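For the sequence shown, counting from 1, position 184 maps to 540 in the numbering used here; every step adds exactly one. Idealized CB from N, CA, C, for every residue including glycine. Since the model is a prediction, treat every value here as computed from it, not as a measurement. Worksheet for the structure shown next.
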Amino acid sequence: MICLTSPNAFNQDTDPALLDACLQKIAQDDSDALALLYEKASAAVYAFALSMLKNTQDAQDVLHDCFVSVYFAAKNYQTRQKPMAWLITIARNLCLKKLHEKNRTADTPFEELAQNWQEQPGLGAQDKLVLQECMCHLSDEERQIVLLHALAGFKHREIAQVLGLKLPTVLSKYNRACQKLRKLLLKGERS
């Protein structure tokens, strides 16, 4: 059974202290630290970009640009034990810039987001199909909130800050999305 209520359900390796250390080493031009940061955080950054842009090419561009930006901006990073929030903020700004440049909101279906789950450990083939089907029933905003919480391990307060929403809005949308997912999963088990 799929559980989306546990933070870091998909990515257990996003330890803030490790990511902070990587960013400090990147500021000193350590390319190995950049590679480690990419290994630990790229799945969450890509999933977030894809949830905003709905286009794999654009999401891959943002992922690339995000880590290039991190390389050059690491010297300005202030350690606050929230490196993922910093990375997602960079990715969000790049997504908004790309959307503004293209003057559109989305042009490809959500199914492309499921490609990111193909690489996630702990999910069987059937779980991936069920998850893909269930996530299609969520609004874009609900999907972003669920992915940021479940995939990237963000706290609801951090999600509110990144998405520019109020905390009660994030909490209600998250709970509503989880209720939708539970209903869909229970309906599927009864079938």
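Suppose the cutoff is 7 angstroms on Cβ atoms and the five residues either side in sequence are ignored; what does the same chain contact list for residue i look like?
i, result
"ASP463", "Confidence at ASP463 is low in this model, with a pLDDT of 41, below 50, so the placement of that residue should be treated as unreliable; the coordinate-derived value is given next. These residues qualify, in order along the chain: LYS410 and ASN411."
"TYR427", "ILE382 and LEU390"
"GLU497", "LYS529"
"ARG513", "LEU523"
"TYR433", "LEU379, ALA383 and TRP442"
Can you check whether the CB of residue j is closer than 8 angstroms to the CB of residue i?
i, j, result
"ASP385", "GLN437", "no"
"LYS453", "ASP414", "no"
Going straight from the alpha carbon of residue i to that of residue j, what length do you get?
i, j, result
"GLY509", "ALA397", "11 angstroms"
"VAL401", "CYS422", "8 angstroms"
"LYS431", "LYS381", "9 angstroms"
"ALA447", "HIS493", "25 angstroms"
"ARG499", "GLU457", "24 angstroms"
"LEU379", "MET491", "33 angstroms"
"HIS420", "ILE444", "13 angstroms"
"ASP388", "ASP371", "17 angstroms"
"MET408", "SER495", "11 angstroms"
"LYS536", "GLY520", "23 angstroms"
So, at 6 angstroms on beta carbons, what are the nonlocal neighbours of residue i in its own chain, with the 5 sequence-adjacent residues on each side left out?
i, result
"GLU467", "Residue confidence is low: GLU467 scores 47 on pLDDT, short of 50, so the model does not pin down where it sits. Its coordinate-derived value is still stated next. Closer than 6 angstroms at Cβ, skipping near neighbours: no residue."
"LEU504", "PHE510 and ILE515"
"THR435", "ASP376"
"LEU393", "CYS378"
Less than 8 angstroms between the CB atoms is what I'm expecting for residue i and residue j, so what's the real figure, rounded?
i, j, result
"ALA405", "VAL418", "4 angstroms"
"ALA533", "LEU523", "The pair is not a contact, with the Cβ atoms about 16 angstroms apart (cut-off 8 angstroms)."
"ALA403", "VAL518", "Not confirmed; about 13 angstroms, so no contact."
So does residue i have its beta carbon nearer than 7 angstroms to some heavy atom of the ligand NAD?
i, result
"PRO439", "The ligand NAD is not among the ligands present in this structure, which contains no ligands whatsoever."
To which residues of the same chain is residue i closer than 8 angstroms at the C-beta, ignoring the five residues directly before and after it?
i, result
"SER425", "ILE446 and LEU450"
"SER362", "Confidence in SER362 is poor, its pLDDT being 34 and thus under 50, which makes the residue's placement unreliable; the coordinate value appears in the next sentence. Cβ within range, chain order: ALA506."
3-residue-minimum beta strand (DSSP E) runs that sit fully inside the segment 391-447, ordered along the chain: Correct list: empty.
Length-filtered (4 minimum) alpha helix (DSSP H) runs lying within the segment 487-523: With a minimum length of 4 residues, the continuous alpha helix (DSSP H) runs that stay inside the segment 487-523 are 496-506 and 512-519.
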